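Asker: The sequence shown lines up with residues 70 to 527 when you count with this note's numbering.
Every residue, glycine too, gets a C-beta built ideally from N, C-alpha and C.
On a predicted model such as this, the values are computed, not experimentally measured, just so you know.
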Amino acid sequence: MRRLPIVLLVALLAHPGASIAQEITAPAADPRIQKIVASISEERLSALVQKLAGFGTRHTLSDTDSPTRGIGAARQWIFDEMTRSSPRLQVSFDTHKLARQGRITRNVDIRNIVALLPGKSLRRVYVTAHYDSVNIGEEGQISANTRAPSNTPRPDPQLRRDQDYNADAPGANDNGSGTALTMELARVFAESGVEFDATLAFVLWAGEEQGLIGARAHAMELFKDKVPVEGDFNSDIVGNSRGGDRTTDAESVRVYSEGPEDSMSRSLARYIARAAAVYVPSHKVRLMARQDRFSRGSDHTAFTQYGFPAVAFRESKEDFSRQHAATDTVDGVDVRYLAQNVRVNAAAVASLALAPPAPVVTNPRGQMMIGRQPSGYDANLRWNASPGASAYRLYWREAWTSDWQHTQLVGNVTEFVLPKLSIDNYVFGVAAVGAGGHESLVSAYVPPPRRDPVIKLR
Ligand SMILES: [Zn+2]
């Protein structure tokens, strides 16, 4: 078994609780996941990106009558292509009738495309990307980045009255790359023949460029319907390895996740890095402890705002001169690099969908089930059983570190004591382990925010 250089036993021996701690090692590779990762096709990714860019524009407010140009033609083709990919995919339009608002300058129906791959359980793992594109004029995104700093806000180019919504906005990289990634994963997962525990939802959003509108409308319904969403793997601009600053990096991808430090979004980010190290060791996952890049956003935030864990994949090097402009063409997409990002997604999505759900570590009153029993100086951890779990794995780390340092596999129990380990000095978490060895996300025990009474002054 390959070892991750996360911790050495030597270091462990210096800590209390070390007598039972194990090294953190990479999980054993599952041949089914290796096969899924190996079946990602660069040729197909290339064909998908070319086809998407070929619609000329996929602007949310562009023409819907033409069979070859505009968002109407694009969404119908995505729907048909996913339907053709596999009879196991349940493909539908998720339509929202929008009133005029902000950058949506007239009433319009927007359509997300949803492809469900039913699993053994109803819990859902989302794989998403927006398929709409935009051309903001004035040389695209680079003009916003290079403009002299000013205290006077610039008018939003998407609120200009003279906009041409049918102007060229090929969006090969933003976000043909993420759209192709999502479509290819849908095909490969559906055709793998593997029965996943989680239901997989492969979704292409509309209205992202006008304010994450398609994703927000969808996430709002998930929240209302109490759908158990375990995570959203959102990809937006993931196909270019050559920066506009003339630097290149085809060996890494950035994964942004919103805090706090032990949010389930951060847990998902750590999980992705771990799975990638096992199945795609040639590609490095760079975890970013922030919601997104400065002043930029994407649909993962629609999910986190409704309390669902989510991350955003972003290419290693960006060329801002090709974003939100007519120059976002297929020659700016490095398909070999894009394929590596698809493989990282494939490995983590498959691992998570094969694992049981993460254990719940709070009681019905919302309190963390952690204490110092029995001696008063121990770490006493309790959790609710996860359906399908055959064991649990505890994790802990010094309270001023960002990733797990120590671990202990425990049996099929819902309580475990780590003797003489201070719950004040370490952060603890627990993951559920399925019969096939796949682990869930780690649920961390975090102190709730204090709600102290306001002091009364007279
Ligand atoms: Zn985008």
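Do Ser336 and Val511 have their beta-carbon atoms positioned less than 8 Å apart in this structure?
Answerer: Yes; because the gap between Cβ atoms is below 8 Å, this pair is in contact.
Asker: What is the chain-ordered set of residues for which the beta carbon lies under 5 Å from any non-hydrogen atom of ligand 1?
Answerer: In chain order, the qualifying residues are Asp243, Asn244 and Asp305.
Asker: Please go through the segment 107-167 and give each complete beta strand (DSSP E) segment of 3 or more residues, from N-terminal end onward.
Answerer: DSSP runs (the beta strand (DSSP E)) wholly in the segment 107-167: 159-167.
Asker: Give the straight-line distance between the Cα atoms of Gly123 and Pro100, rounded to the nearest whole angstrom.
Answerer: Roughly 37 Å separates the two Cα atoms.
Asker: If we ignore side chains and look at the alpha-carbon of each, how far apart do Ile109 and Ser155 end up?
Answerer: Between Ile109 and Ser155, the C-alpha separation is close to 15 Å.
Asker: What's the gap between the Cα of Thr398 and the Cα of Trp473?
Answerer: If you take the alpha carbons of Thr398 and Trp473, they lie about 41 Å apart.
Asker: By a C-beta neighbour count over all protein chains shown, 10 Å radius and 16 as the cutoff for buried, is Val523 buried or exposed?
Answerer: It counts as exposed.
Asker: So, for Ser131: in the same chain, excluding its five sequence neighbours on each side, which residues have a beta-carbon less than 6 Å away from its beta-carbon?
Answerer: Cβ within range, chain order: Gly139, Ile140, Tyr234 and Asn235.
Asker: According to the neighbour-count rule (16 or more other Cβ atoms, all chains shown, within 10 Å of its Cβ), is Leu487 buried or exposed?
Answerer: Buried, since its Cβ has 16 or more Cβ neighbours within 10 Å.
Asker: Within the segment 241-315, note down every full beta strand (DSSP E) run reaching 3 residues or more, in order along the chain.
Answerer: Counting only runs of 3 or more, we get 268-274 and 298-304.
Asker: From this set, Gly498, Met357 and Arg113, which residue's C-alpha is nearest Val430's C-alpha?
Answerer: Checked all of Gly498, Met357 and Arg113; the closest Cα to Val430 is Gly498.
Asker: Could you tell me which residues DSSP pairs with Gly506 in its beta bridges?
Answerer: Partner(s): none; Gly506 has no beta bridge.
Asker: What is the DSSP secondary structure of Val413, counted as helix, strand or coil?
Answerer: Reduced to three states, the DSSP call for Val413 is helix.
Asker: Pull up the distance between the alpha-carbon of Lys295 and that of Arg391, whole angstroms please.
Answerer: For Lys295 and Arg391, the distance between alpha carbons rounds to 39 Å.
Asker: Go ahead and label Glu299 buried or exposed: buried means 16 or more other beta carbons lie within 10 angstroms of its beta carbon, across all protein chains shown.
Answerer: That one is buried.
Asker: Please identify the residue among Asp361, Arg365 and Ala238 whose C-alpha is closest to the C-alpha of Ala395.
Answerer: That would be Ala238, whose Cα lies nearest to the Cα of Ala395.
Asker: Rank Val482, Gly240 and Ala184 by C-alpha distance to the C-alpha of His393 and give the top, closest one.
Answerer: Nearest C-alpha to His393: Gly240.
Asker: Note the first and the last residue of the continuous alpha helix (DSSP H) segment covering Met333.
Answerer: Met333 -> alpha helix (DSSP H) spans Met333 to Tyr348.
Asker: In angstroms, rounded to a whole number, what distance separates the CA positions of Arg519 and Arg434?
Answerer: For Arg519 and Arg434, the distance between alpha carbons rounds to 15 Å.
Asker: Among the residues of its own chain, which have a CB less than 7 Å from the CB of Arg256, if the five just before and after it don't count?
Answerer: Answer for Arg256: Ser154 and Ser155, listed in chain order.
Asker: Just to confirm, is the Cβ distance from Thr248 to Tyr200 under 8 Å?
Answerer: In this structure, Tyr200 lies closer than 8 Å to Thr248 by Cβ.
Asker: Using only the alpha-carbon positions, how far apart do Asp521 and Gly440 sit?
Answerer: Cα-Cα distance, rounded: 21 Å.
Asker: So, helix, strand or coil for Leu73, using DSSP?
Answerer: Note that Leu73 has pLDDT 42, beneath the 50 cutoff, so the model's placement of it is unreliable and no number is given.
Asker: If you reduce the DSSP assignment to three classes, tell me which class Ser533 lands in.
Answerer: In the structure as shown, the chain begins at 70 and stops at 527. Residue 533 is therefore absent and cannot be evaluated.
Asker: Out of Thr476, Ser351, Ala275 and Phe389, which one is the CA nearest neighbour of Val413?
Answerer: Residue Ser351 is the option with its Cα nearest to Val413.
Asker: Please classify Gln409 as buried or exposed, where buried requires at least 16 neighbouring CB atoms within 10 angstroms.
Answerer: Gln409 is buried by the Cβ-count criterion.
Asker: So which of Ser161, Gly506, Phe372 and Ser261 has the shortest CA-CA distance to Leu459?
Answerer: Residue identity differs from the one stated: residue 459 is Ser in this sequence, not Leu. Measuring from the Cα of Ser459, the nearest candidate turns out to be Gly506.
Asker: What three-state label does DSSP hand Gln360 in the structure shown?
Answerer: In this structure, Gln360 counts as coil in the three-state DSSP scheme.
Asker: Closest by CA to Pro426, which one among Lys386, Glu484 and Ala501?
Answerer: For the residues Lys386, Glu484 and Ala501, the minimum Cα distance to Pro426 belongs to Ala501.
Asker: Around the Cβ of Thr221, are there at least 16 other Cβ atoms within 10 angstroms (buried) or fewer (exposed)?
Answerer: Burial call: exposed.
Asker: Consult DSSP for His352 and reduce its assignment to one of helix, strand or coil.
Answerer: Looking at His352 - three-state DSSP - the assignment turns out to be coil, as it is neither helix nor strand.
Asker: If you run the structure through DSSP and keep just helix, strand and coil, what is Phe372?
Answerer: If DSSP states are grouped into helix, strand and coil, Phe372 belongs with the helices.
Asker: Beta-carbon separation of Ile531 and Leu121 under 8 Å?
Answerer: Because the chain is modelled from 70 through 527, residue 531 falls outside the range shown and cannot be assessed.
Asker: Do the segment 170-180 and the segment 353-366 meet, that is, are 3 or more Cβ pairs less than 8 Å apart?
Answerer: These segments do not touch.
Asker: Use the C-beta contact count for Ser386: other C-beta atoms within 10 angstroms, 16 or more gives buried, fewer gives exposed.
Answerer: In the sequence under discussion, the amino acid at residue 386 is Lys, which differs from the Ser named in the question. Per the 10 Å Cβ criterion, buried.
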